[in-house]
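Q: In UniProt numbering, the protein residues as written are 1 to 755. Even glycine gets a Cβ: it sits at the ideal position worked out from N, Cα and C.
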DNA sequence: GGATTGTGTATTTTT
DNA sequence: TACACAATCC
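#1: Beta carbon of residue 265, beta carbon of residue 44: below 7 angstroms?
#2: For residue 598 and residue 85, what's the separation of their Cα atoms in angstroms?
#3: What are the boundary residues of the beta strand (DSSP E) that residue 53 is part of?
#4: At the level of alpha carbons, what is the spacing between residue 143 and residue 192?
#5: I want to know whether the segment 497-513 touches the segment 397-412 - three or more CB-CB distances under 8 angstroms.
#6: Going by DSSP, what residue range makes up the beta strand (DSSP E) through residue 77?
#7: Answer yes or no: do residue 218 and residue 77 have a C-beta to C-beta separation smaller than 7 angstroms?
#8: Sorted by chain position, which residues of the same chain lie with C-beta nearer than 6 angstroms to residue 48's C-beta, five sequence neighbours on each side aside?
#9: Specify the secondary structure class of residue 402 as computed by DSSP and reduced to three states.
#10: With distances taken from CA atoms, which of 638, 494, 156 and 79 is nearest residue 539?
#11: On the criterion of 16 or more Cβ atoms from any shown chain inside 10 Å, does residue 785 qualify as buried, or is it exposed?
#12: Going by C-alpha distance, which of 312, 579, 609 and 577 is nearest residue 591?
#13: Locate the beta strand (DSSP E) running through residue 577, then write down its first and last residues.
#14: Can at least three beta-carbon pairs, one atom from the segment 196-204 and one from the segment 131-143, be found at a separation below 8 angstroms?
#15: Which term fits residue 572, buried or exposed, when burial requires 16 or more other beta carbons within 10 angstroms of its beta carbon?
#16: Cβ of residue 270 within 6 angstroms of any heavy atom in the ligand FMN?
#17: May I ask you to report which of helix, strand or coil DSSP gives residue 118?
#18: Go through the segment 345-412 residue by residue and report every complete run of the beta strand (DSSP E) that reaches 3 residues or more, in order.
#19: Run the CB neighbour count on residue 452, radius 10 Å, all protein chains shown included, and call it buried at 16 or more, exposed below.
#20: For residue 108 and residue 342, I'd like the C-alpha separation in whole angstroms.
#21: Determine the extent of the beta strand (DSSP E) in which residue 653 is found, giving its start and end residues.
#22: So, under 8 angstroms CB-CB, residue 622 and residue 340 are touching, yes? Tell me the CB distance rounded to an integer number of Å.
#23: Within this structure, are the beta carbons of residue 373 and residue 583 separated by less than 7 angstroms?
#24: Does the segment 283-301 come close enough to the segment 255-264 that 3 or more CB-CB pairs lie under 8 angstroms?
#25: Only counting runs of 4 or more residues, tell me where the alpha helix (DSSP H) segments fall wholly within the segment 166-235, in order along the chain.
#26: Let's test the definition: count the other Cβ atoms within 10 Å of the Cβ of residue 391 and tell me whether it reaches 16, buried, or not, exposed.
#27: Reducing DSSP to helix, strand and coil, say where residue 639 ends up.
#28: Measuring CB to CB, does residue 211 end up less than 7 angstroms from residue 251?
#29: Hey, quick one: how far does the beta strand (DSSP E) through residue 290 stretch, first residue to last?
#30: In whole angstroms, what separates the C-alpha of residue 363 from that of residue 331?
#31: Between 183, 73 and 629, which has its C-alpha nearest residue 637's C-alpha?
#32: Quick check on residue 634: does DSSP put it in helix, strand or coil?
#33: If I follow the unbroken beta strand (DSSP E) through residue 565, where does it start and stop?
#34: Could you check where the beta strand (DSSP E) with residue 265 kicks off and where it finishes?
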């Protein structure tokens with residue numbers, strides 16, 4: 001655990017030197033050049049599927065094994081915990097021992113590590129808490145309220161977004177340039193930002209952005225410290241460099257400022273997080289930032305077949321702002337990329353499900369199959385269809401474990417126990433379950449706390465000794481404070497797991513969910529059990545909290561044979577044999593909203609997203625679009641995505657279901673005037689009551705709308721999607737139906753026919 | 001202090 | 001349509 005590697009040419013070192021050749025074997029010339037490049041700035045432009053992670057980890061191992069740096073002298077940063085974990089595993093596999101001591105982790109984790117050691121230099125105490133998105137928003141809300149602004153006009157969410165943006169760019173309140181001020185809150189944005197930061201300091205807390213921003217303040221404000229870190233980190237390695245924001249870039253540049261021994265790996269064509277503050281400019285500008293930088297391109301793709309690669313390359317080649325790479329493969333050409341046009345989102349889901357079943361019958365694995373969509377709402381149609389045909393699937397994304405309300409509530413309890421002055425956590429659970437401490441009591445507490453400049457809990461403690469509050473509230477408060485004191489006394493005595501159980505029990509939190517009869521209550525109780533189990537892995541409760549704030553992950557699912565459904569963003573870094581890219585329609589993909597907000601730049605990012613999606617596929621790629629889609633229960637018809645036009649024709653084949661080639665639908669879709677008429681190439685048009693009926697896919701059936709009164713309660717009906725059912729209640733044209741297979745649902749009468 | 005009704009909104013989300 | 005939140009009533 002010393003973190004020291006035995007290096008040298010004798011003893012254990014000789015064994016390592018003997019293996020040196022082995023870890024370089026199997027690398028192609030470019031990969032090998034990247035791994036063994038001498039000290040100095042190095043940019044590795046690694047196209048999709050070209051062995052990026054392998055190069056990065058092998059280079060790290062190479063640096064250690066050749067003695068250029070010892071583990072604690074290496075800083076390696078990633079964006080996700082997953083990537084960090086993978087890197088640790090692979091490096092350990094390469095060097096054959098633990099890499100303890102290495103500074104390897106996410107930007108944020110490395111930021112915290114530095115900040116904990118020097119918290120007082122930026123006005124924090126070492127035990128500071130890290131706020132998540134939820135806390136941030138509530139804090140912002142308080143700031144807006146304190147400034148007497150209209151909360152509806154200037155929502156907290158927007159303020160958080162603005163502050164986040166400034167932090168991503170490395171601006172402290174006094175550094176925000178005038179042009180960036182904007183008109184939020186009548187130009188008071190900076191004032192609010194300042195108030196927000198002051199409040200964070202009094203709470204002894206940081207938000208995610210601060211983890212890096214304070215890091216910058218730390219390094220720029222303390223030259224000795226900077227010099228110390230510059231000497232310490234003899235090698236810096238960065239993964240996914242195209243996703244770095246300005247703050248991260250500045251942080252890296254400071255740390256690498258001495259020796260400039262920095263390796264950045266990335267792919268400008270896969271930059272899809274600009275809306276999160278990522279600056280493609282960082283990677284495009286690397287050679288100017290680090291003069292004399294070596295640039296190595298990895299262009300040999302080991303993942304996809306020829307047609308897939310060529311189709312993806314053809315699309316991305318339309319982007320103007322990029323380094324430019326020419327991916328190639330020695331693999332087989334494989335199948336053509338298939339393009340299918342469907343009538344509506346339901347037919348699209350049906351089509352995909354059919355294709356997956358056929359693939360499975362031919363021996364394909366579901367785990368090797370993914371359906372990738374642009375926006376979350378698109379998953380629904382697929383889920384419904386997959387359930388109907390019994391196709392096992394999982395939706396990746398969704399609410400993550402540590403973001404679920406019950407988990408956050410439980411953690412808020414733990415936080416108050418560990419950090420009594422954590423006001424945000426206390427506010428979250430002070431009246432949960434209900435214990436008679438309502439809004440008016442809370443208001444009084446807040447006022448008192450602010451006046452005395454103490455924390456909420458301290459104010460509550462003081463107030464519970466006076467008779468300022470109504471007896472009811474006062475008693476509840478006395479009781480709560482005593483309970484928290486008791487738990488806190490048990491911190492050192494009980495194991496974290498026992499304590500966690502005690503807290504959830506004695507607070508009445510578990511009981512609250514047990515008493516609740518909503519359908520998701522059992523699931524929530526299950527999650528709480530999972531949480532307690534997770535606590536077990538840690539020596540102390542505070543230790544657990546530190547982990548939670550930085551690692552937001554879903555519980556690992558059993559590795560069953562499942563189809564994966566997820567967003568294109570979520571798919572970055574993954575690969576599958578068989579990939580479906582659904583919903584390629586103007587307006588949806590590329591997203592009209594993105595284009596409205598970001599113009600050409602945004603369109604290029606959408607195109608990169610298309611590229612990312614396409615390059616996820618190893619053997620088979622199917623792109624689909626629907627002529628009609630129901631959005632908020634309104635039918636709208638759309639035009640195929642321009643990205644479909646951009647697919648090189650020689651690498652694709654149109655499936656017959658494409659409406660543009662179908663005589664019955666083609667007349668309106670293929671109609672040039674129709675396309676010309678639409679101002680933004682995306683237009684919507686209501687198609688009232690037009691609907692396809694299961695099993696009669698080729699017939700466009702139109703039925704009358706609003707048959708109110710035509711049905712009677714108790715009547716047996718048939719619905720094309722949910723099957724047979726009985727009408728329980730009628731409300732205008734909405735029927736409340738108990739379906740035999742799908743349970744109780746409210747549906748519009750026009751979709752229902754008498755059985 | 002708590003339940004109920006009404007209103008506005010609706011991408012992507014590594015930490 | 002659905003859901004979350006806020007104003008409103010009891």
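A: Walking through what the data contain:
#1: yes
#2: 34 angstroms
#3: Premise fails: residue 53 lies in the alpha helix (DSSP H), 52-65, not in any beta strand (DSSP E).
#4: 7 angstroms
#5: yes
#6: 74-78
#7: no
#8: 615
#9: helix
#10: 494
#11: The displayed coordinates of the chain run from 1 to 755. Any statement about residue 785 would go beyond what the structure contains.
#12: 609
#13: 576-581
#14: yes
#15: buried
#16: Summarising the ligand content, the structure contains no ligands, and the ligand FMN is consequently not present.
#17: coil
#18: 369-373 and 393-395
#19: exposed
#20: 44 angstroms
#21: 652-654
#22: 6 angstroms
#23: yes
#24: yes
#25: 189-202, 208-221 and 223-232
#26: buried
#27: coil
#28: no
#29: Here residue 290 belongs to no beta strand (DSSP E), and DSSP marks it neither H nor E.
#30: 21 angstroms
#31: 629
#32: strand
#33: 563-567
#34: 262-266
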